[in-house]
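Here the structure is laid out as structure tokens; the discussion comes afterwards.
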Amino acid sequence: MNVLFVASEMAPFAKTGGLADVLAALPAYLHRAGHDARVVLPLYDTVDTNKATFQAIMDFEVALGAHRYACKIFRVGAAPPVYFVHCPALYGRGRLYTSEPDEHRRFLALSFAALMICQRLDFAPDIIHCHDWQASLLPMIVKTLVAKDPRFARTRSLLTIHNLMYQGSFPVEIGPDTNLGAVSHLFHQDLMKAGRVNFLLQGILYADGVSTVSPTYAREIQGEKLGGGLDGFLRARSATVVGILNGVDYDEWSPETDKHIPHTYSAQNLAGKERDKQHLLTSLGLPYVPGVPVLGIVSRLVSQKGFKLLDPVMFELLRKHGFQLVVLGSGEPALEAMFSQLQRQFPRQVCFYEGFKNDLAHMIEAGADMFVMPSIYEPCGLNQLYSLRYGTVPIVHRTGGLADTVKQWNPRTGNGTGFAFDHHDGAGLRWAIEAALTAYRDPKQWNRLIQNGMAEDFSWNAQGKLYELVYSKLANAGRH
Ligand code: ADP
Ligand code: GLC
Numbered sequence: 010m011n012v013l014f015v016a017s018e019m020a021p022f023a024k025t026g027g028l029a030d031v032l033a034a035l036p037a038y039l040h041r042a043g044h045d046a047r048v049v050l051p052l053y054d055t056v057d058t059n060k061a062t063f064q065a066i067m068d069f070e071v072a073l074g075a076h077r078y079a080c081k082i083f084r085v086g087a088a089p090p091v092y093f094v095h096c097p098a099l100y101g102r103g104r105l106y107t108s109e110p111d112e113h114r115r116f117l118a119l120s121f122a123a124l125m126i127c128q129r130l131d132f133a134p135d136i137i138h139c140h141d142w143q144a145s146l147l148p149m150i151v152k153t154l155v156a157k158d159p160r161f162a163r164t165r166s167l168l169t170i171h172n173l174m175y176q177g178s179f180p181v182e183i184g185p186d187t188n189l190g191a192v193s194h195l196f197h198q199d200l201m202k203a204g205r206v207n208f209l210l211q212g213i214l215y216a217d218g219v220s221t222v223s224p225t226y227a228r229e230i231q232g233e234k235l236g237g238g239l240d241g242f243l244r245a246r247s248a249t250v251v252g253i254l255n256g257v258d259y260d261e262w263s264p265e266t267d268k269h270i271p272h273t274y275s276a277q278n279l280a281g282k283e284r285d286k287q288h289l290l291t292s293l294g295l296p297y298v299p300g301v302p303v304l305g306i307v308s309r310l311v312s313q314k315g316f317k318l319l320d321p322v323m324f325e326l327l328r329k330h331g332f333q334l335v336v337l338g339s340g341e342p343a344l345e346a347m348f349s350q351l352q353r354q355f356p357r358q359v360c361f362y363e364g365f366k367n368d369l370a371h372m373i374e375a376g377a378d379m380f381v382m383p384s385i386y387e388p389c390g391l392n393q394l395y396s397l398r399y400g401t402v403p404i405v406h407r408t409g410g411l412a413d414t415v416k417q418w419n420p421r422t423g424n425g426t427g428f429a430f431d432h433h434d435g436a437g438l439r440w441a442i443e444a445a446l447t448a449y450r451d452p453k454q455w456n457r458l459i460q461n462g463m464a465e466d467f468s469w470n471a472q473g474k475l476y477e478l479v480y481s482k483l484a485n486a487g488r489h
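When we follow the numbering used here, the leftmost residue of the sequence shown carries the number 10, and every step to the right adds one.
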């Protein structure tokens, strides 16, 4: 099959979160499975163009209403090829996302450029796989503006929602920029009357298939609590809403081969893990004391991730139990301030590294004993999957993909891979951390827990097949 991916992130070129990891792995899996998968990405000014060979292959102009953008397309690699849209007027902002008044045009241009690349290369996609709101108008565009182009006659669209809370909601005045004025009746009319256009909603209405990144989140977003106001529309299409868990790229994330950690190790021989722990602590200026557990956090510091719960629970637990805490992340000032304060209060126990640092993320996965993810909601979550692989026991809130991937430890049966609390409150978090600390004190139990986690398999070989199934179902069915 010919599959065109349109997305705003892809590792290692442009990454703020897990979307980038998925884009780095799923097209590559499809390529190995014999499909012609291709990716279209913005060439942000933050992309390190020394990482690969960028070959200029075409120029064109993208028109969005009255706005004209000169675009140059660069191709990187062949297996699968990535087409970068170079347009400094749109992507020269020093970061991936903005809240500037042309934000909608930055990703509309990407969407139209993707179709123009197909036309120029005479590439007829069977599937356009759209990711998040940034690519959510494509299903509509394919069914209207390019409907007569034979290259798109067979094209079906799949919208994958990586996070329902980012919807791309804009004032109705941006309408002309979508080039969809002639079919404006296809926009949600009540919302338009209320003065808004919601890109993700349009994708949910017009994509041939809709998916999200875990089975539990697929159910949760069809309910009011986590439905972000779109649950009714998702319920209306529930027959096509599927949840496919993200896979892990074990070439990138395996303690046996990880290039970012000083000591590799395996389930059979964990000696390297203890040395990685020592290295992690000393490189961050914390004392290493054998037997003292280290908790790790690597995250965007946004409210979704639930770190508010740590205040004041973490303070109490650090004082009572004397463990150590290593945090890597950046985001909302209030959350950064909370971690900075913990670091000041416990200078020998806590290190907060503010920023985005891939090699440190790997070192924390390897060097920590436990990994904390108290997310309020979590569409999939990748760090708990990485943690399992690194023998770092996850402590999570039982929601979304965390509920689907972390099995509660049962000391009587010896089953389970981590600790999951049900109620998102301080008592829940305290219970889970203290249960983990209790298990840690019993080396036999702890080793069993680690072994259980390391034996889990979340590779793309299994998850990629599920996408192939969805693609072929869509390709063989009529258009929605
Ligand atoms: P989300 O996509 O919501 O941020 P995920 O758990 O799916 O959550 O993916 C997060 C990804 O981003 C992981 O690969 C994680 O290691 C990485 N990451 C998050 N914050 C940082 C950071 N500060 N430095 C390095 N990597 C980070
Ligand atoms: C989003 C979600 C995260 C998911 C990632 C990749 O950023 O917040 O849970 O793992 O997308 O699908």
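Glycine is no exception: its CB is placed at the ideal position from the N, C-alpha and C atoms.
Counting along the chain, Leu13 sits inside the beta strand (DSSP E) bounded by residues Asn11 to Val15. Residue range Arg165 to Ile170 is occupied by the beta strand (DSSP E) that includes Thr169, with no alpha helix (DSSP H) assigned at that position. Shortest gap from the CB of Gly252 to any heavy atom of the ligand ADP: 6 angstroms or more. Of the heavy atoms belonging to the ligand ADP, at least one sits nearer than 6 angstroms to the Cβ of Leu337. Separation of the CB atoms of Ile183 and Val15 is rounded to 19 angstroms, and the pair is thereby denied contact status at 8 angstroms. Assigned with DSSP and collapsed to three states, Glu261 falls in coil, not helix or strand.
For Ala429, there is no enclosing alpha helix (DSSP H); the residue is found in the beta strand (DSSP E) stretching over Phe428 to Phe430. Following the DSSP letters along the chain, one finds Ser108 in no alpha helix (DSSP H), marked with neither H nor E. When DSSP states are grouped into helix, strand and coil, Thr447 belongs to the helix group. Val222 has its alpha-carbon roughly 12 angstroms from the corresponding atom of Val257. Relative to the ligand GLC, Pro403 has its C-beta separated by 6 angstroms or more from all heavy atoms. For the pair Arg115 and Leu99, the Cα-to-Cα distance works out to about 5 angstroms. In the same chain as Val250, and ignoring 5 residues on each side of it, the C-beta atoms closer than 6 angstroms to its own belong to Val219, Ala227 and Leu243, in chain order. Its chain contains Leu310, Ser339 and Glu363 as the residues whose beta carbon lies nearer than 7 angstroms to that of Glu345, once the 5 sequence neighbours on both sides are disregarded; these appear in chain order. Bounds of the beta strand (DSSP E) holding His138 are Ile136 to His140. Collapsing the DSSP output to three states places Ser308 in a strand.
Gly27 has its CB nearer than 6 angstroms to a heavy atom of the ligand GLC. If you draw a straight line from the Cα of Ala216 to the Cα of Lys453, it is about 51 angstroms long. In the displayed model, Tyr100 falls within a helix according to three-state DSSP. Val15 has its Cβ no nearer than 6 angstroms to any heavy atom of the ligand GLC. Closest in alpha carbon position to Asp466, among Leu154, Asp413, His433 and Leu50, is Asp413.
Beta-bridge annotation (DSSP): Met174 is not paired with any residue.
When Leu394, Glu18 and Ser108 are compared, the shortest CA-CA separation from Pro264 is found for Leu394.
Comparing alpha-carbon positions, the option among Thr273, Ala464, Asn367 and Leu254 lying closest to Val307 turns out to be Asn367. If you ignore the 5 residues before and after Thr169, its C-beta comes within less than 6 angstroms of the C-beta of His140 and Ser220, all in its own chain and listed in chain order. Bridge partners of Met19 according to DSSP: Ala23. Residue state for Ala144 is assigned as helix, using DSSP reduced to three classes.
Here the region 27-46 makes no contact with the region 144-158; the two share fewer than three CB pairs at distances below 8 angstroms. Here Glu18 is buried: its Cβ has 16 or more other Cβ atoms, across all protein chains shown, within 10 Å.
The closest heavy atom of the ligand GLC lies 6 angstroms or more from the beta carbon of His330. For His95, the secondary structure class from DSSP, reduced to helix, strand or coil, is strand.
In this structure Asp186 touches Leu117 by the C-beta definition: roughly 6 angstroms separates them, less than 8 angstroms.
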